[in-house]
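S.K.: Questions regarding the structure given below will be posed in turn.
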Amino acid sequence: MKYSEIIKLNNDLEGVINSPEYKIVILSNIMVHQSKDICEYLLRTESVNAKVLLGEYDNIVQDSAKFQDANAIVIFWDTYNFIDGFQYKAESLSSPEFESIVEKIKTEIDLVLCNLKDIPLVLINRFSSLIFDQFSLSNNRINKLVGRLNTYLEEKCGENVKIIDIDKVISRLSIKSSIDLRYYYSSKTLYSIDFYKKYFEYVKPIFLSTTGKIKKALIFDCDNTLWKGILGEDGFDNIRIYREVQYLTLQLAKKGVIICLCSKNNPQDVDNVLENHPDMILRDEHIVVKKVNWSDKVSNLKSISQDLNIGLDSLVFIDDSSFEIGLIKKELPTIKTFQVPVKEYEYGLMMREVSNLFYSPSQTKEDIQKVKIYKKQLQRSEDRGRVGNIEDYLRSLGLALIVHVDDLSQVSRIAQMTQKTNQFNLTTIRYTESDIKKLVEDELKTVISISVSDKYGDSGVTGLAILDSDKSAIDTLLLSCRVLGRNIEYKFMDIIIDFAKNKDIRVLNSQYIKTIKNQQVSDFYERCGFVKIDEVDSSSQYNLHVENYKNKDMKYIRIENGK
Amino acid sequence: MENRIKKVMSNVFNINVDSINNESSPDNIENWDSLKHMNLIVALEEEFRIEFDDEEVVDSMNYALILNILSSK
Chain G
1 MKYSEIIKLN
11 NDLEGVINSP
21 EYKIVILSNI
31 MVHQSKDICE
41 YLLRTESVNA
51 KVLLGEYDNI
61 VQDSAKFQDA
71 NAIVIFWDTY
81 NFIDGFQYKA
91 ESLSSPEFES
101 IVEKIKTEID
111 LVLCNLKDIP
121 LVLINRFSSL
131 IFDQFSLSNN
141 RINKLVGRLN
151 TYLEEKCGEN
161 VKIIDIDKVI
171 SRLSIKSSID
181 LRYYYSSKTL
191 YSIDFYKKYF
201 EYVKPIFLST
211 TGKIKKALIF
221 DCDNTLWKGI
231 LGEDGFDNIR
241 IYREVQYLTL
251 QLAKKGVIIC
261 LCSKNNPQDV
271 DNVLENHPDM
281 ILRDEHIVVK
291 KVNWSDKVSN
301 LKSISQDLNI
311 GLDSLVFIDD
321 SSFEIGLIKK
331 ELPTIKTFQV
341 PVKEYEYGLM
351 MREVSNLFYS
361 PSQTKEDIQK
371 VKIYKKQLQR
381 SEDRGRVGNI
391 EDYLRSLGLA
401 LIVHVDDLSQ
411 VSRIAQMTQK
421 TNQFNLTTIR
431 YTESDIKKLV
441 EDELKTVISI
451 SVSDKYGDSG
461 VTGLAILDSD
471 KSAIDTLLLS
481 CRVLGRNIEY
491 KFMDIIIDFA
501 KNKDIRVLNS
511 QYIKTIKNQQ
521 VSDFYERCGF
531 VKIDEVDSSS
541 QYNLHVENYK
551 NKDMKYIRIE
561 NGK
Chain H
1 MENRIKKVMS
11 NVFNINVDSI
21 NNESSPDNIE
31 NWDSLKHMNL
41 IVALEEEFRI
51 EFDDEEVVDS
61 MNYALILNIL
71 SSK
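Protein sequence lines correspond, in order, to chains G and H.
To convert, note that position 526 of the first sequence is 526 in the working numbering; the numbers rise steadily by one, no gaps.
To convert, note that position 16 of the second sequence is 16 in the working numbering; the numbers rise steadily by one, no gaps.
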C-alpha cells in the first residue's frame, strides 16, 4: 500500500477504535517523522488504538525522561549520527577523541535505560554499521564500536527492553531500498518509506503481545498444506508430508499456540493420517480443534473461534487454494490468511514469517498446558449454521462453466478423470481412453465435460457427465475436488437435465454406488430432487420426472459453450 | 495526473480533493508545514516512481508548481 493511502486510512481510523489509547513515543537522533502514520496504521488495523508521538530531533536522552506516561518507547539511535559526519570522521579521530565519544554514548545508554525503566515496553534497535560498512573488508573502528555497544546494551537492559536487530529488516529489503541518502545528507532523514513499512510490520507482534491482540490460533488446511497431495484422491500411501512446516508448527504448539485443522476431507481419512502415517510430525494430541468436513470454511472458521472462545482476529489460516483464501479474506477479513506458496521451497520461510505472528515475550507453564486446557474446554456440537453470504462471495468470483460435448480432443483427460476421481464420483466407473472414444462416437451416449473458470483462472477440464439416452440414465457423474464448494455441481445438474430434455428423456434414472471415498455425495441425487426407488447393498437407484426438475437459478454462474 | 497529485495531497494534508487548486500552498493549507512537505514529496515520489532533485523539493511549494515539475519528468 502506498504511503499517501496509509496516511489517509490512518486518518480515517483516528478516534474510531474503541479501546484505551496506546501511546508510543519514538525517540531518535535522526529524522523519523514518516514512521508515525505507518506505525499507527499498522497497529490500528489490529484494533490497537495507537497514538504515536515523536521526540525532538537528536534529543534521546532528554526525551527519555519526558514521556513517563508512554505505553511504549521506540528508539532509533543511528550510529553514524553520534556526531555529525561520524561515518567519515571516525577513522581520523585520535584514540582519546574516539574513546571519549564511546564513553559519552555509553553514559547516554545508561541514562536512557534508567529513565525508561518504568516504561512497560522499550524497543531499541541494535547499533548498526551496515550502511556505510557494506563494502568494507576490514573490521574498522565503527564496526568494532558497534559490536561493543551492542554487548553493552544487552548487559544493561532490563526485562522491559527488546533489542531489535534492524539489520534483518534492512537485509530483507536491501540496503538500497531501506535508505534514502539524498535526504540523509539534506535533512538527516535516513530511512525510506518502504523501510518503515517493513520495520513496523516486523516489530508489530511485540506491541500486539503487550496489548492482548496477539494471534492465538493457527489453522491449517490439510491437502497440499500439511502434506503434498490430495488425501481423498491420491490416497494415504501417496501423500508426502511437509516435514519442515510440521516441525515448525510443533514448536509453536509447544509454545502454546493453538493448532487447528480446517479441511474438506473425510474425517476418518485425516484421523488415519494423524494416527498412522509414519512421516507425520503433528499428531492428534497436538491438534485442538478439527473441522474436517464438507462444510464451507467460513462456517468452520467461525465455529473454531466460537469453540475456542477467542476472536476471529486471533486466528491465522493457511490454505493452498486461492479460492479458499479469497473467500476468507472477503467474508472474514480480520482473520490473517496465508496461501501456501506455489514454489514449495518458499514454504519453510513463509512458515517462519507466520511463526513471528505468535511472538510471546516469555513462556509460561500455562502455555505448555494450553492444548490440554483447550481440549477439555471443548465439548460442543460440531454443527453450526451455514453462512448465508457465501453466495455473495461466489457472485464476486465471476464463475463460468465451459461445456464441451462429445469432444474427441479431450478423450485422454476424460479417461484420466474417470480413473483418478474418487470423492465426488457417483458411480466410480473407470474407463480407458478407447472406452471413452467409443462413448463419444456413440450417438446414444452424450459425453459432457466441463471446465470451470473464475477470476483466479481456469481449472481445466474438471467435470464429467455421461448421459445414456438408450437407458435414460446418468451413467457417470464426477467433479474434481478442486472445483467443489462453489455450487458448480448444482449448475452442472441443470445442464445435464437440459441435455436429457433435448434427448426426449421423460424419466431420468441415476445411481449412487458407494465406495470408501465417495460418501460426501451419498445424498447428492436427493439434494437435486431425485427420488430413491431402490437400495441394494452399496448401490442406490434414483429417478426423476424431468418436467418436475427445479432449476437452481444460480445466475452468478455463467454457462459457455466450449466450441 | 492532476487527479493523482490532488489525491496524494488530499491524503497527506487530510483535506478535501475539491479544495485543491492552482494556488494551494503552505499559505492556505494549514497542515502544510516543513515536515508534512517532506511527507508529500516522498509520497509523490512513491506514487509516480520518480525522484525529485534538491531544487525541485524546495520549489514544489504550490499545486501548480508541483504539476509543472511532475509534468516535466
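Virtual Cβ for every residue (Gly too), placed ideally from N, Cα, C.
Have a look at G/LYS514, G/TYR556, G/GLU535, G/LYS491 and flag the residue whose alpha-carbon is nearest the alpha-carbon of G/LYS550.
M.R.: G/LYS491
S.K.: In angstroms with no decimal places, state the Cα-to-Cα distance between G/SER381 and G/THR428.
M.R.: With a pLDDT of 36 at G/SER381, under the threshold of 50, the predicted position of this residue should be treated as unreliable, though the coordinate-derived value follows. Approximately 33 Å, taken between the alpha carbons.
S.K.: For G/TYR359, does the three-state DSSP call read helix, strand or coil?
M.R.: coil
S.K.: From the beta carbon of H/GLU56, is the nearest beta carbon of chain G less than 7 Å away?
M.R.: No Cβ of chain G is located within less than 7 Å of the beta carbon of H/GLU56.
S.K.: For a contact meaning CB atoms closer than 9 Å, what does H/ASN22 contact in chain G?
M.R.: Result: empty, since nearest Cβ-Cβ is about 20 Å, beyond 9 Å.
S.K.: Excluding sequence positions up to five away, which residues of its chain have a Cβ less than 7 Å from the Cβ of G/LYS501?
M.R.: VAL546
S.K.: List the residues of chain G whose Cβ lies closer than 9 Å to the Cβ of H/LEU70, in chain order.
M.R.: Under the 9 Å cutoff, chain G gives no residues; its nearest Cβ is about 14 Å from H/LEU70.
S.K.: Select from the region 174-198 of chain G all residues with a C-beta closer than 9 Å to any C-beta belonging to chain H, and list them in chain order.
M.R.: ASP180, ARG182, TYR183, SER186, SER187, THR189, SER192, ILE193, ASP194
S.K.: Name the residue from G/ARG486, G/GLN541, G/GLU346, G/GLN410 whose alpha carbon lies nearest to the alpha carbon of G/GLY562.
M.R.: G/GLN410
S.K.: If you reduce the DSSP assignment to three classes, tell me which class G/TYR80 lands in.
M.R.: In this structure, DSSP gives G/TYR80 a helical state, which the three-state scheme calls helix.
S.K.: Less than 7 Å separating the beta-carbons of G/VAL403 and G/VAL452?
M.R.: no
S.K.: Just the C-alpha distance for G/ASN276 and G/ARG283, rounded to the nearest angstrom, thanks.
M.R.: The straight-line gap from Cα to Cα measures roughly 9 Å.
S.K.: Would G/TYR512 be called buried (16 or more neighbouring beta carbons within 10 Å of its own) or exposed?
M.R.: buried
S.K.: When the Cα atoms are used, what is the spatial distance from G/ASN139 to G/ILE83?
M.R.: 20 Å
S.K.: Under the three-state reduction of DSSP, which class applies to G/LYS216: helix, strand or coil?
M.R.: coil
S.K.: Following the continuous alpha helix (DSSP H) through G/TYR185, name the residue where it begins and the one where it ends.
M.R.: 181-187
S.K.: Could you pull out every residue in the same chain whose Cβ sits closer than 7 Å to the Cβ of G/THR476, ignoring the five residues on either side in sequence?
M.R.: Here the set comprises THR418, THR427, ILE429, LEU464, ALA465, ILE466.
S.K.: Is it true that the CB of G/ILE206 sits closer than 7 Å to the CB of G/ILE131?
M.R.: It is not a contact, given that the beta carbons lie outside the stated cut-off.
S.K.: Hey, G/LEU173 and G/ILE163 are a contact pair by Cβ (cut 8 Å); roughly how many whole angstroms apart?
M.R.: Separation of the CB atoms of G/LEU173 and G/ILE163 is rounded to 20 Å, and the pair is thereby denied contact status at 8 Å.
S.K.: Assuming the contact rule is C-beta atoms closer than 8 Å, G/THR79 and G/ILE142 should be a hit. Round their C-beta distance to whole Å, please.
M.R.: 6 Å
S.K.: Might you give, ordered along the chain, the residues of its own chain that have their beta carbon closer than 7 Å to the beta carbon of G/GLY232, omitting 5 neighbours on each side?
M.R.: ASN265, ASN266, ASP269, ASN422, GLN423, CYS481, LYS517
S.K.: Pair every Cβ in the region 36-52 of chain G with every Cβ in the region 16-23 of chain G, then say whether three or more of these pairs are closer than 8 Å.
M.R.: yes
S.K.: Taking only runs that begin and end inside the region 381-453 of chain G, name each unbroken beta strand (DSSP E) of 3 or more residues, in chain order.
M.R.: 399-405
S.K.: So that I know if they touch, is there some Cβ in chain H lying closer than 7 Å to that of G/TYR57?
M.R.: Answer no: the Cβ-Cβ gap between G/TYR57 and chain H never drops below 7 Å.
S.K.: Assign H/ALA43 to one of two classes, buried (16 or more other C-beta atoms within 10 Å of its C-beta) or exposed (fewer than that).
M.R.: buried
S.K.: Apply the 10 Å Cβ neighbour rule to G/ILE390 and answer buried if 16 or more other Cβ atoms are within range, or exposed otherwise.
M.R.: buried
S.K.: Give the residues of chain H in contact with G/GLN34, contact being defined as C-beta atoms less than 7 Å apart.
M.R.: ASN39, VAL42
S.K.: Counting along the chain, where does the beta strand (DSSP E) carrying G/ALA50 start and finish?
M.R.: DSSP places G/ALA50 inside the beta strand (DSSP E), whose first and last residues are 50-57.
S.K.: Is there a Cβ from chain H that is less than 7 Å from the Cβ of G/ILE258?
M.R.: no
S.K.: At a Cβ threshold of 7 Å, is H/ASN11 touching chain G?
M.R.: yes
S.K.: Who pairs with G/LYS197 in a beta bridge, going by DSSP?
M.R.: G/LYS197 is not bridged to any residue.
S.K.: Going along chain G in order, which residues have a C-beta closer than 7 Å to the C-beta of H/VAL17?
M.R.: Per Cβ cutoff of 7 Å: no residues; H/VAL17 is ~11 Å from chain G at best.
S.K.: Spell out the partners DSSP gives G/PHE317 in its beta bridges.
M.R.: G/ILE219, G/THR337
S.K.: Flag H/ASN14 as yes if its beta-carbon sits less than 7 Å from any beta-carbon of chain G, otherwise no.
M.R.: For H/ASN14, the answer is yes, since a Cβ of chain G falls inside 7 Å of its Cβ.
S.K.: Should the region 280-299 of chain G be regarded as contacting the region 338-358 of chain G, the criterion being three or more beta carbon pairs within less than 8 Å?
M.R.: no
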